[in-house]
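*Asks:* Handing you a structure now.
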Amino acid sequence: MFKNLRRYLCLSSCYPLFSNKQKELTKMPKIFWYDTGLRNRLISDFKPLAKRVDKGNLLENAVFKDLLFIVENKANIKFWRTKHGSEIDFVLEQERLSAWEVKSGEVTTAPSGLCSFLRYYPQTKAYVVNAKIQKKEKIYILFPFM
Numbered sequence: 001m002f003k004n005l006r007r008y009l010c011l012s013s014c015y016p017l018f019s020n021k022q023k024e025l026t027k028m029p030k031i032f033w034y035d036t037g038l039r040n041r042l043i044s045d046f047k048p049l050a051k052r053v054d055k056g057n058l059l060e061n062a063v064f065k066d067l068l069f070i071v072e073n074k075a076n077i078k079f080w081r082t083k084h085g086s087e088i089d090f091v092l093e094q095e096r097l098s099a100w101e102v103k104s105g106e107v108t109t110a111p112s113g114l115c116s117f118l119r120y121y122p123q124t125k126a127y128v129v130n131a132k133i134q135k136k137e138k139i140y141i142l143f144p145f146m
């Protein structure tokens, strides 16, 4: 089924970034929908975003689609996850890495996964997409329009 959905441009894959196979996970891509309306139809959920249990997934999917539009094939969009549970939603591979963490909840501090990623890759430009978080050094805050 996934092969057909990819063939008809309904799904896209995001693969992991890794430089240390011992500490970072290297398999299982993340799947994103080009049309979240089709996704909502398949799971029969049309509630407003504020009442959804999957609003984090929907916001992450929206950011992925925006990043695809922004990079226009000039960068690889990947994600990062360690065996210890740290993760970054998106990493753009360009001349300089940029890390993007998407948070839909009531987060007011920098996500621990982002801080962990910056320890592994200190030259990274870091972004958090969230409406509540406070500015932290080296991390840019973007507010979602949803």
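1 is the number of the first residue of the sequence shown in UniProt numbering; add one for each residue after it.
Beta carbons: idealized from backbone N, C-alpha and C, even for Gly.
(1) Tell me, to the nearest whole angstrom, how far the beta carbon of T124 is from that of A99; I am working on the premise that it is less than 8 Å.
(2) CB E106 to CB L114, shorter than 9 Å?
(3) Would S86 pass as a contact of S112 if the rule is Cβ separation under 9 Å?
(4) What is the DSSP secondary structure of M146, counted as helix, strand or coil?
(5) Less than 9 Å between the beta carbons of A79 and D66, yes or no?
(6) Is it right to say Y140 is buried, meaning 16 or more other beta carbons lie within 10 angstroms of its own, or is it exposed?
(7) For E72, count neighbouring Cβ atoms within 10 angstroms of its own Cβ and tell me buried if that reaches 16, exposed if not.
(8) Could you tell me whether the Cβ of K74 comes closer than 9 Å to any Cβ of chain D?
(9) Looking at the unbroken alpha helix (DSSP H) that takes in S112, where does it start and where does it end?
*Replies:* To lay it out plainly:
(1) T124 to A99, Cβ: 5 Å. Contact.
(2) no
(3) yes
(4) Here the model assigns M146 a pLDDT of 48, short of 50, so the residue's position is not dependable, and the following value carries that caveat. Coil, per DSSP.
(5) Sequence check: residue 79 is Phe here, not Ala. Against a cut-off of 9 Å, the Cβ pair of D66 and F79 comes out as no contact.
(6) exposed
(7) exposed
(8) The structure shown contains no chain D; it holds only a single protein chain.
(9) 112–120
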